[in-house]
Amino acid sequence: MKTVGERLVEGLAARGVEVIFGIPGVHTVEMYRGLSGSPIRHVTARHEQGCAFMADGYARVSGKPGVALVITGPGILNALTAMGQAAADSVPMLVISGVNRRDSLGLGLGLLHELPDQAAMVRPLCPTRQILSASDVGPALDWAFATMATGRPGPVHLEVPTDVMPLECEALPAPTALPVAAVPDIGAAVARLNAAQSVVILAGGGARGQEAALQALAEKLDAPVIQTVNARGMMHAHPLVVPASPSLDAPRALLAQADQVLAIGTEFGPTDYDMYVRGGFPDVSGMIRVDICARQLARHKAGVALHGDAGAVMAALLPLVGARAAQGAARASAARQAARAELAELDALMPGRLDMVETIRRAMPGALIVGDSTQAIYAANLYYDHDRAGGFFNAATGFGALGYGPGAAVGAALAAPGAEVVCLIGDGGLQFSPGELRTAVDERLPITYVVWNNAAFGEIADAMRGANTEVIGCAPSPLNMKPFAAACDLPFASVTLDPEALHAALVQPHTGARMIEVRVAK
Numbered sequence: 047m048k049t050v051g052e053r054l055v056e057g058l059a060a061r062g063v064e065v066i067f068g069i070p071g072v073h074t075v076e077m078y079r080g081l082s083g084s085p086i087r088h089v090t091a092r093h094e095q096g097c098a099f100m101a102d103g104y105a106r107v108s109g110k111p112g113v114a115l116v117i118t119g120p121g122i123l124n125a126l127t128a129m130g131q132a133a134a135d136s137v138p139m140l141v142i143s144g145v146n147r148r149d150s151l152g153l154g155l156g157l158l159h160e161l162p163d164q165a166a167m168v169r170p171l172c173p174t175r176q177i178l179s180a181s182d183v184g185p186a187l188d189w190a191f192a193t194m195a196t197g198r199p200g201p202v203h204l205e206v207p208t209d210v211m212p213l214e215c216e217a218l219p220a221p222t223a224l225p226v227a228a229v230p231d232i233g234a235a236v237a238r239l240n241a242a243q244s245v246v247i248l249a250g251g252g253a254r255g256q257e258a259a260l261q262a263l264a265e266k267l268d269a270p271v272i273q274t275v276n277a278r279g280m281m282h283a284h285p286l287v288v289p290a291s292p293s294l295d296a297p298r299a300l301l302a303q304a305d306q307v308l309a310i311g312t313e314f315g316p317t318d319y320d321m322y323v324r325g326g327f328p329d330v331s332g333m334i335r336v337d338i339c340a341r342q343l344a345r346h347k348a349g350v351a352l353h354g355d356a357g358a359v360m361a362a363l364l365p366l367v368g369a370r371a372a373q374g375a376a377r378a379s380a381a382r383q384a385a386r387a388e389l390a391e392l393d394a395l396m397p398g399r400l401d402m403v404e405t406i407r408r409a410m411p412g413a414l415i416v417g418d419s420t421q422a423i424y425a426a427n428l429y430y431d432h433d434r435a436g437g438f439f440n441a442a443t444g445f446g447a448l449g450y451g452p453g454a455a456v457g458a459a460l461a462a463p464g465a466e467v468v469c470l471i472g473d474g475g476l477q478f479s480p481g482e483l484r485t486a487v488d489e490r491l492p493i494t495y496v497v498w499n500n501a502a503f504g505e506i507a508d509a510m511r512g513a514n515t516e517v518i519g520c521a522p523s524p525l526n527m528k529p530f531a532a533a534c535d536l537p538f539a540s541v542t543l544d545p546e547a548l549h550a551a552l553v554q555p556h557t558g559a560r561m562i563e564v565r566v567a568k
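Residue numbering for the sequence shown follows our numbering, starting at 47 and increasing by one per position.
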């Protein structure tokens with residue numbers, strides 16, 4: 047008879063899991079026994095944080111939960127940062143870890159990888175559950191996948207004691223069908239939208255994957271669509287799209303001029319709506335707000351709150367709202383022009399940084415751009431229109447974990463076979479997780495690592511200068527990128543901060559992963 051570890055892997059495969067990101071250890075041997083002969087592909091990361099970042103990138107691109115498998119103690123603690131990022135950005139992720147044997151939990155016996163209460167360290171971030179017997183396996187998996195599919199997506203944790211993994215386990219029953227969110231009563235929203243003359247739509251990460259419904263609704267309402275970072279890539283180059291941060295004055299003015307705002311899947315977080323902490327946060331009280339999470343709706347109370355799935359609600363609204371001509375394209379165009387002009391007012395170097403990101407899009411159309419916290423990404427977060435829905439994302443908003451990019455790019459590449467992936471990362475962020483470049487090489491993935499090398503924590507140094515304080519701790523010794531790339535078996539090119547030079551490097555034919563350094567003057 048098969049073991050708990052083997053049945054767990056079977057249960058994951060039955061629920062559509064195709065890839066697991068993990069690092070094996072003595073506490074998870076039985077899980078790896080299950081992977082032998084399984085259709086699930088195992089990808090070996092270099093650090094457990096990388097495992098979970100890979101699961102994050104995979105989930106964002108595939109639309110399915112990413113799965114990470116880590117060891118007891120240090121393994122799950124290393125993964126917590128990435129789980130925090132997933133929680134902040136509503137990314138479905140299942141992290142499975144070991145834990146010490148049942149009769150030792152909480153006793154402090156000095157066992158390998160022992161923690162006083164492992165689950166208690168995870169619980170503030172996400173739901174967690176122990177599998178304490180063979181009969182728990184099926185219900186625990188049903189619970190985990192239902193939790194990720196219900197309400198706001200995010201990470202979920204399962205832990206399996208080392209003495210439970212080798213227990214004999216009967217074949218699991220078929221997975222329980224996942225719940226489907228009900229469509230709320232939309233009558234009040236329809237009445238407000240039909241009474242309005244000048245609608246604006248705010249689209250957040252909760253609208254991702256619903257581009258067709260969003261575009262159809264926007265066109266019928268003739269409404270400009272302001273996109274937060276996690277909504278970028280939808281409706282690329284559409285006359286109604288405003289791919290600009292609501293922290294900028296131009297999108298804020300567009301919102302203020304509207305007689306009705308429809309906010310879809312946005313949490314109204316300060317990193318999107320008040321990045322520069324200067325006030326002027328939008329007034330939500332008169333808006334129509336759609337969100338899958340009831341807690342979010344309670345946090346910023348709207349005039350009409352619709353608790354439901356963004357796609358289902360938009361589909362329900364579409365036949366009931368009246369078509370109109372409201373100069374939507376003209377309003378959106380004016381907002382785009384004004385927003386882009388604001389970048390130079392914020393920082394004279396900002397337009398040049400944005401131009402480098404747009405160069406990547408021009409040189410590699412349809413590529414996925416996975417960003418770390420670096421100057422070029424911050425510029426693009428303020429204003430950037432990507433050409434692939436769901437194809438531009440990063441960790442620079444919300445939780446803001448440095449070192450996100452290399453692992454997330456691996457997950458993204460595995461979720462979109464054949465697609466080019468660009469990881470845009472600073473030299474400082476790269477030093478947080480350099481080992482995951484080797485994972486990309488191992489897996490023969492077409493990832494281009496564009497390293498924004500200003501030999502500093504440049505964004506932090508700028509913040510210190512802006513605060514009129516001495517710049518301290520922002521200039522760690524930089525990597526020598528060429529030999530570092532060679533050590534990772536990566537083809538290497540180095541260019542200056544020049545769009546034409548970057549374009550020429552990007553269009554060079556390549557197979558597998560490569561590195562392009564962009565040398566940025568301090």
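For every residue, glycine included, the Cβ atom is placed at its ideal position computed from N, Cα and C.
*Taking only the alpha-carbon atoms, compute the straight-line gap between Ala502 and Gly474 and give it to the nearest angstrom.*
As a position in the sequence shown, residue 502 is number 456, starting the count at 1. As a position in the sequence shown, residue 474 is number 428, starting the count at 1. Straight-line measurement puts the Cα of Gly474 at about 6 Å from the Cα of Ala502.
*Output the distance between the C-alpha atoms of Thr405 and Leu548, rounded to the nearest integer angstrom.*
Taking the sequence shown and counting its residues from 1, one reaches residue 405 at position 359. Taking the sequence shown and counting its residues from 1, one reaches residue 548 at position 502. Between Thr405 and Leu548, the C-alpha separation is close to 7 Å.
*Selection from Glu265, Leu483 and Val336 that minimises the alpha carbon distance to Cys469*: For the purposes of this step, residue 469 is identified with residue 423 of the sequence shown, where counting begins at 1. Answer by Cα proximity: Leu483.
*Would you mind working out which of Ile69, Gln306, Ser331 and Tyr78 sits nearest Ala101, comparing C-alpha positions?*
Here residue 101 corresponds to residue number 55 of the sequence shown, with the count starting at 1. Checking every option, the nearest Cα to that of Ala101 belongs to Ile69.
*Cα-Cα, which of Gln95, Gly71, Ile66 and Val72 is closest to Leu582?*
Because the chain here runs from 47 to 568, residue 582 falls outside it and cannot be looked at.
*Per DSSP, which residues does Ser150 bridge with? Please list them.*
If you number the sequence shown from 1, residue 150 lands on position 104. Note: Ser150 sits in no beta bridge, so no partner.
*asked:* Within 10 Å of its beta-carbon, does Asn514 have 16 or more other beta-carbons around it, so buried, or fewer, so exposed?
replied: Mapped onto the sequence shown, residue 514 falls at position 468. By the neighbour-count rule (16 or more Cβ atoms within 10 Å), Asn514 is not buried but exposed.
*How far does the beta strand (DSSP E) with Ala249 in it reach, from first residue to last?*
Walking along the sequence shown from the start, residue 249 turns up at place 203. For Ala249, the enclosing beta strand (DSSP E) has its first and last residue at Val245 to Ala249.
*asked:* Threshold first: 4 residues or longer. Then list the alpha helix (DSSP H) segments lying entirely within the stretch 231 to 281, N to C.
replied: 233 to 241 and 257 to 267
*asked:* I need the DSSP call for Phe191, collapsed to helix, strand or coil.
replied: Within the sequence shown, numbered from 1, the residue matching residue 191 stands at position 145. Phe191 falls in the helix class under three-state DSSP.
_Burial state of Met47 (16 or more Cβ within 10 Å)_ = Along the sequence shown, read from residue 1 onward, the residue named residue 47 stands at position 1. Flag for Met47 reads exposed.
*Establish whether the CB of Pro397 and some CB of chain D are separated by less than 9 Å.*
The structure shown contains no chain D; it holds only a single protein chain.
*asked:* Below 8 Å on the Cβ atoms is my contact criterion, and I expect Gly197 with Ile338 to pass it. Report the Cβ-Cβ distance as a whole number of Å.
replied: Mapped onto the sequence shown, residue 197 falls at position 151. Mapped onto the sequence shown, residue 338 falls at position 292. By a beta-carbon distance limit of 8 Å, Gly197 contacts Ile338. Their separation comes to about 6 Å.
*May I ask which residues mark the beginning and end of the beta strand (DSSP E) holding Leu470?*
One-based indexing of the sequence shown puts residue 470 at position 424. Here the beta strand (DSSP E) through Leu470 covers Val467 to Gly472.
*asked:* Is the separation between the beta-carbon of Pro365 and that of Asp418 shorter than 9 Å?
replied: Walking along the sequence shown from the start, residue 365 turns up at place 319. Walking along the sequence shown from the start, residue 418 turns up at place 372. Not in contact: Pro365 and Asp418 (Cβ atoms no closer than 9 Å).
*Candidates Ala507, Thr274, Val467 and Gln303: which alpha carbon is nearest Ala380's?*
In the sequence shown, the residue the question calls residue 380 occupies position 334. Taking the Cα of Ala380 as reference, the smallest distance to any Cα among Ala507, Thr274, Val467 and Gln303 is reached at Gln303.
*Which one or two residues does DSSP pair with Ser143 in a beta bridge?*
Start at 1 with the first residue of the sequence shown, and residue 143 comes out as number 97. Ser143 is bridged to Val116 and Glu205.
*Identity of the residue in Ile232, Ala348, Ser84 and Arg278 nearest Val307 by Cα*: Counting from 1 along the sequence shown, the entry for residue 307 is found at position 261. It is Ala348 whose Cα lies nearest to the Cα of Val307.
*asked:* Using the three-state DSSP reduction, which class does Asn43 fall into: helix, strand or coil?
replied: Absent from the model: residue 43. The displayed extent of the chain is 47 to 568, so no value can be given.
*So His353 is in the beta strand (DSSP E); what residue range does that whole segment cover?*
Indexing the sequence shown from 1 puts residue 353 at position 307. His353 -> beta strand (DSSP E) spans Val350 to His353.
*Would a C-beta distance cut-off of 9 Å place Leu140 and Leu204 closer than the cut-off?*
Locating residue 140 in the sequence shown gives position 94, where the first residue counts as 1. Locating residue 204 in the sequence shown gives position 158, where the first residue counts as 1. A contact, by the Cβ cut-off of 9 Å.
_Continuous beta strand (DSSP E) stretch holding Asp337: start and end_ = Counting from one through the sequence shown, the residue named residue 337 turns up at place 291. From DSSP, the beta strand (DSSP E) with Asp337 extends over Ile334 to Asp337.
_Need the endpoints of the beta strand (DSSP E) that Val65 sits in, please._
For the purposes of this step, residue 65 is taken as residue 19 along the sequence shown, with counting starting at 1. Taken as a continuous stretch (DSSP letters only), the beta strand (DSSP E) holding Val65 covers Val65 to Gly68.
_Whole-angstrom distance between Val107 and Ala462, CA atom to CA atom_ = What you label residue 462 is simply residue 416 of the sequence shown in a count that begins at 1. What you label residue 107 is simply residue 61 of the sequence shown in a count that begins at 1. Roughly 7 Å separates the two Cα atoms.
*For the candidate residues Ala455, Gln164 and Met77, whose alpha-carbon lies nearest to that of Ile415?*
What you label residue 415 is simply residue 369 of the sequence shown in a count that begins at 1. Nearest to Ile415 by C-alpha distance, out of Ala455, Gln164 and Met77, is Ala455.
_Top-ranked residue by Cα proximity to Phe30, from Ala533, Phe478 and Asp268_ = Within the shown structure, residues of the chain are numbered from 47 to 568, placing residue 30 beyond reach of any answer.
*Taking His549 as part of the alpha helix (DSSP H), name the residues at either end of that continuous run.*
Sequence index remark: in the sequence shown, residue 549 carries index 503 (1-based). First-last of the alpha helix (DSSP H) with His549: Pro545 to Leu552.
*For my contact list, Asp305 and Ala242 are in at a C-beta cut-off of 8 Å; report their separation, rounded to the angstrom.*
Here the question's residue 305 lines up with position 259 in the sequence shown. Here the question's residue 242 lines up with position 196 in the sequence shown. Rounded, the Cβ-Cβ distance is 5 Å, consistent with contact.
*asked:* Under 8 Å, with one C-beta from each stretch per pair, do the stretch 246 to 254 and the stretch 393 to 407 reach the 3-pair mark?
replied: Because the criterion of three Cβ pairs below 8 Å is not met, the stretch 246 to 254 and the stretch 393 to 407 do not touch.
*With DSSP collapsed to three states, give me the class of Tyr430.*
Within the sequence shown, the letter at position 384 stands for residue 430. Here DSSP, grouped into helix, strand and coil, assigns Tyr430 to coil.
*Mind reading off the beta-carbon distance from Arg175 to Gly279? Whole number of angstroms is fine, and I expect it under 8 Å.*
For the purposes of this step, residue 175 is identified with residue 129 of the sequence shown, where counting begins at 1. For the purposes of this step, residue 279 is identified with residue 233 of the sequence shown, where counting begins at 1. Approximately 34 Å separates the beta-carbon atoms of Arg175 and Gly279; this is outside 8 Å, ruling out the contact.
*asked:* Between the alpha carbons of Asp508 and Glu516, how many angstroms are there, rounded?
replied: Translated into positions along the sequence shown, residue 508 becomes position 462. Translated into positions along the sequence shown, residue 516 becomes position 470. Each residue's alpha carbon lies about 11 Å from the other.
*Do you know offhand how far Ala134's Cα is from Gly444's?*
As a position in the sequence shown, residue 134 is number 88, starting the count at 1. As a position in the sequence shown, residue 444 is number 398, starting the count at 1. Roughly 6 Å between the two C-alpha positions.
*Mind checking Ala166: buried by the 16 CB within 10 Å criterion, or exposed?*
Within the sequence shown, residue 166 is the residue found at index 120, counting from 1. That one is exposed.
_Residues near Ala227 in its chain [Cβ-Cβ closer than 6 Å; skip 5 each side]_ = For the purposes of this step, residue 227 is identified with residue 181 of the sequence shown, where counting begins at 1. Same-chain partners within the cutoff: Gly354 and Asp355.
*Would you mind working out which of Phe327, Ala372 and Pro120 sits nearest Pro285, comparing C-alpha positions?*
Numbered from 1 along the sequence shown, position 239 holds the residue referred to as residue 285. When only C-alpha atoms are compared, the closest one is Ala372.
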